[in-house]
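Taking it in order: structure first as structure tokens, then the write-up.
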Amino acid sequence: MYGLFEDEDDIFMGSPKSKLMDVIFNANNDRVRAELQNFIDRTAAMELMIAERFGEDTDRDIHRFMQSNRDEIENHAKSLYIELMGTIL
155 MYGLFEDEDD IFMGSPKSKL MDVIFNANND RVRAELQNFI DRTAAMELMI
205 AERFGEDTDR DIHRFMQSNR DEIENHAKSL YIELMGTIL
């Protein structure tokens with residue numbers, strides 16, 4: 155896709171992941187904790203919903219999905235880094 159997330163050499167000097175790490179370590183600690191807690195709660199809810207809908211043996215299916223959709227997952231992960239950074243800031 156248009157190189158939107160290929161920003162290691164762009165004007166911001168870093169990847170979305172590295173910029174999120176900078177924000178996590180430099181932003182208000184209470185704000186970071188609250189947003190990370192919200193992120194974990196959402197992840198837990200999604201995992202429980204998946205297990206409820208598709209059965210308990212979803213780890214294998216998720217791993218298979220991750221292997222076959224690596225590029226899409228990488229791009230979505232970069233979007234999540236940016237989204238989480240935005241909510242913290």
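Following my numbering, the numbering of the sequence shown begins with 155 at its first residue and continues without gaps. Quick reminder that beta carbons are idealized off the backbone N, C-alpha and C, glycines included. None of these values were measured; they are calculated from a predicted model.
Distance between MET200 and ARG224 (C-alpha atoms, nearest Å)
Taking the first residue of the sequence shown as position 1, residue 224 is located at position 70. Taking the first residue of the sequence shown as position 1, residue 200 is located at position 46. Answer to the nearest angstrom: the Cα atoms are 20 Å apart.
Which class does GLY168 belong to by DSSP, given the choice of helix, strand or coil?
Here the question's residue 168 lines up with position 14 in the sequence shown. Three-state result, GLY168: coil.
Span separating the alpha-carbon of MET167 from that of ALA188
Within the sequence shown, residue 167 is the residue found at index 13, counting from 1. Within the sequence shown, residue 188 is the residue found at index 34, counting from 1. Distance between the alpha carbons of MET167 and ALA188: 27 Å.
Beta-carbon proximity of LEU174 to ILE236, cut-off 9 Å
Reading the sequence shown from its first residue, position 20 is the one you call residue 174. Reading the sequence shown from its first residue, position 82 is the one you call residue 236. Yes, they are a contact pair.
Go ahead and label MET203 buried or exposed: buried means 16 or more other beta carbons lie within 10 angstroms of its beta carbon, across all protein chains shown.
Translated into positions along the sequence shown, residue 203 becomes position 49. It counts as exposed.
Within 10 angstroms of the Cβ of MET239, are there 16 or more other Cβ atoms? Answer buried if so, exposed if not.
Residue mapping note: residue 239 aligns to position 85 of the sequence shown, counting from 1. With 16 or more Cβ atoms within 10 Å of its Cβ, MET239 is classed as buried.
Spatial distance of ASN229 from SER169 (CA atoms)
By 1-based counting over the sequence shown, the position of residue 229 is 75. By 1-based counting over the sequence shown, the position of residue 169 is 15. Roughly 12 Å between the two C-alpha positions.
Between ALA181 and the rest of its own chain, which residues show a CB-CB distance below 7 Å, the 5 nearest in sequence each way excluded?
Translated into the one-based positions of the sequence shown, residue 181 becomes position 27. The answer, listed in chain order, is ILE242 and LEU243.
Proximity below 9 Å, CB of VAL186 to CB of ILE178
Here residue 186 refers to the residue found at position 32 of the sequence shown. Here residue 178 refers to the residue found at position 24 of the sequence shown. Against a cut-off of 9 Å, the Cβ pair of ILE178 and VAL186 comes out as a contact.
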